[in-house]
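Engineer: Numbering-wise, the sequence shown is residues 793 to 946 according to our numbering.
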Amino acid sequence: METEATDEIVEFLQKVTGAMGLSLTAQVEQTETGPEINLQGDGADVLLWHRGEPLKALQHVVDMAFGRRLGEEERIYVDCLGYRRGKEVELRQMARFLAERARQTGVEQEIGPLNPYERRIVHMAVAEQPGVSTESVGDAHLKTVIISATKRPS
793 METEATDEIV
803 EFLQKVTGAM
813 GLSLTAQVEQ
823 TETGPEINLQ
833 GDGADVLLWH
843 RGEPLKALQH
853 VVDMAFGRRL
863 GEEERIYVDC
873 LGYRRGKEVE
883 LRQMARFLAE
893 RARQTGVEQE
903 IGPLNPYERR
913 IVHMAVAEQP
923 GVSTESVGDA
933 HLKTVIISAT
943 KRPS
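(1) Check G844 in the structure and name its three-state DSSP category.
(2) Is the distance from the Cβ of I829 to the Cβ of V870 below 7 Å?
(3) Starting from G904, trace the beta strand (DSSP E) in both directions and tell me its first and last residue.
(4) Short of 7 Å in beta carbon distance, which residues of its chain neighbour E910, apart from the five on each side in sequence? Order them along the chain.
(5) With Q819 as the anchor, note down where its beta strand (DSSP E) starts and where it stops.
(6) In whole angstroms, give me the CA-to-CA distance for P922 and M916.
(7) Touching or not, the region 856-869 and the region 883-900, by the rule of three or more beta carbon pairs under 8 Å?
(8) Let me know if V937 comes out buried or exposed under the rule of 16 or more other beta-carbons within 10 Å of its beta-carbon.
(9) Suppose contacts are defined by Cβ-Cβ distances below 7 Å. Is R867 in contact with G826 by that definition?
(10) Nearest by alpha-carbon distance to A818: which of H842, D837, I801 is it?
(11) For the region 828-896, which segments carrying the beta strand (DSSP E) assignment without a break, of at least 3 residues, lie completely within its bounds, in sequence order?
(12) Leaving out the 5 sequence neighbours to the left and right, which residues in its chain are closer than 6 Å to S925 when beta-carbon positions are compared?
(13) Use the C-beta contact count for A811: other C-beta atoms within 10 angstroms, 16 or more gives buried, fewer gives exposed.
(14) Given G874, which residues of its chain have a CB within under 8 Å of its CB, disregarding the five upstream and five downstream residues?
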């Protein structure tokens, strides 16, 4: 994504958070999949209340406002105080743990309900593990991921 567009997203985020009475700064890191914008400052934790629901809502607004400008493989990633990055690490660890349990016991393991972003993290983490597979089940935005052994333990 172009620097000009990233600057526009940062300005947008600062206007939205400013309207919320927050004075936040944005650190931008360009990644393979698009810009990662981490918001920081006094009162930033308000975006993390209720398990990060305000941050998820802000992510959704940014996706709707700027998503069409991105290429097919690009994504704008909005974080606050490194919260989402930490949750991502935690989700990967849980997925690997459940994959190992499924492989050892042969019993399907469930994780969820998860949004599409979280499901992608789980699917990718489990794909790195031999002898297990994943499947998303459910018919709503939030779905459960089933982790199964691809072969029975000996």
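Each residue gets a CB set at the ideal place from its N, CA and C atoms; glycine is no exception.
Structural biologist: Result, derived from the coordinates:
(1) Stepping through the sequence shown from its first residue, residue 844 is reached at position 52. Here G844 sits in helix by DSSP.
(2) Start at 1 with the first residue of the sequence shown, and residue 829 comes out as number 37. Start at 1 with the first residue of the sequence shown, and residue 870 comes out as number 78. Contact: yes.
(3) Here the question's residue 904 lines up with position 112 in the sequence shown. In the DSSP annotation of this structure, the continuous segment of the beta strand (DSSP E) that includes G904 starts and ends at 901-906.
(4) By 1-based counting over the sequence shown, the position of residue 910 is 118. Excluding sequence neighbours, E910 sits near L883.
(5) Counting from 1 along the sequence shown, the entry for residue 819 is found at position 27. Boundaries of the beta strand (DSSP E) around Q819: 817-823.
(6) Your numbering for residue 922 matches position 130 in the sequence shown. Your numbering for residue 916 matches position 124 in the sequence shown. Between the alpha carbons of P922 and M916 lies a gap of roughly 12 Å.
(7) No, because fewer than three Cβ pairs between the region 856-869 and the region 883-900 fall closer than 8 Å, the two stretches do not touch.
(8) Residue mapping note: residue 937 aligns to position 145 of the sequence shown, counting from 1. Buried: at least 16 other Cβ atoms inside 10 Å.
(9) Taking the sequence shown and counting its residues from 1, the one referred to as residue 867 is at position 75. Taking the sequence shown and counting its residues from 1, the one referred to as residue 826 is at position 34. Cβ distance < 7 Å, so R867 and G826 count as in contact.
(10) The residue you call residue 818 lines up with position 26 of the sequence shown. Closest in C-alpha terms to A818, from the list H842, D837, I801, comes I801.
(11) With a minimum length of 3 residues, the continuous beta strand (DSSP E) runs that stay inside the region 828-896 are 869-872.
(12) Mapped onto the sequence shown, residue 925 falls at position 133. If we look at S925 and ignore the five residues flanking it on each side, its Cβ neighbours are S940, T942.
(13) Residue 811 sits at position 19 when you count from the first residue of the sequence shown. So A811 ends up on the exposed side.
(14) Against the sequence shown, residue 874 aligns to sequence position 82. Cβ neighbours of G874 beyond the five flanking positions: N830.
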